[in-house]
Amino acid sequence: MKSVYIAGRSGASGLVLHELVQRREDIRLLSLPDGRTLDGDREVELLNVADVAVLCLPRAAADAALGRITNPNVRVIDNSTPRSAADGWV
């Protein structure tokens with residue numbers, strides 16, 4: 001079973017995506033305790049153990065989250081506007 005971590009659940013797209021993924025039985029949704037959105041070390045851990053990390057963050061926060069991902073096997077979906085049309089991002 002693949003695991004997904006959604007960074008930025010407090011915004012509209014993060015909330016909707018979290019609700020949709022939470023309903024799936026074939027995807028393990030990773031999350032911070034009590035729905036917290038910022039928890040330093042724990043968030044870094046989740047960003048690096050997830051099969052897929054979805055960034056629903058403003059650009060600066062998305063850049064910071066990308067910098068914390070050190071596991072080359074993590075696939076990243078960045079929902080921020082600047083990367084939706086950037087070269088090298090699919």
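Residue numbers (full-length UniProt numbering): 1 to 90.
Glycine included, C-beta positions come from ideal geometry on N, C-alpha and C.
Supposed close pair residue i, residue j - CB separation, criterion 8 Å
i	j	result
L55	G8	6 Å
M1	R28	5 Å
Inter-residue Cα distance where the pair is residue i and residue j
i	j	result
I6	R24	14 Å
G14	V74	19 Å
residue 98	D26	Here the chain covers residues 1 to 90 and nothing more, so residue 98 does not appear.
A62	V44	13 Å
Q3	S80	In the sequence under discussion, the amino acid at residue 3 is Ser, which differs from the Gln named in the question. Taking the straight line from one Cα to the other gives about 21 Å.
Per DSSP, cross-strand counterpart(s) of residue i
i	result
R75	V52
I6	V54
Buried versus exposed call for residue i [16 or more other C-beta atoms within 10 Å across all chains shown]
i	result
A64	exposed
A53	buried
L20	exposed
Proximity test, residue i beta-carbon vs the ligand GTP heavy atom, cut-off 7 Å
i	result
L29	This structure lacks the ligand GTP, and indeed carries no ligand of any kind.
Residues of its chain near residue i, where Cβ-Cβ distance is below 8 Å and the 5 sequence neighbours each way are ignored
i	result
Q22	L29
A50	S3, V4, Y5, L30 and V74
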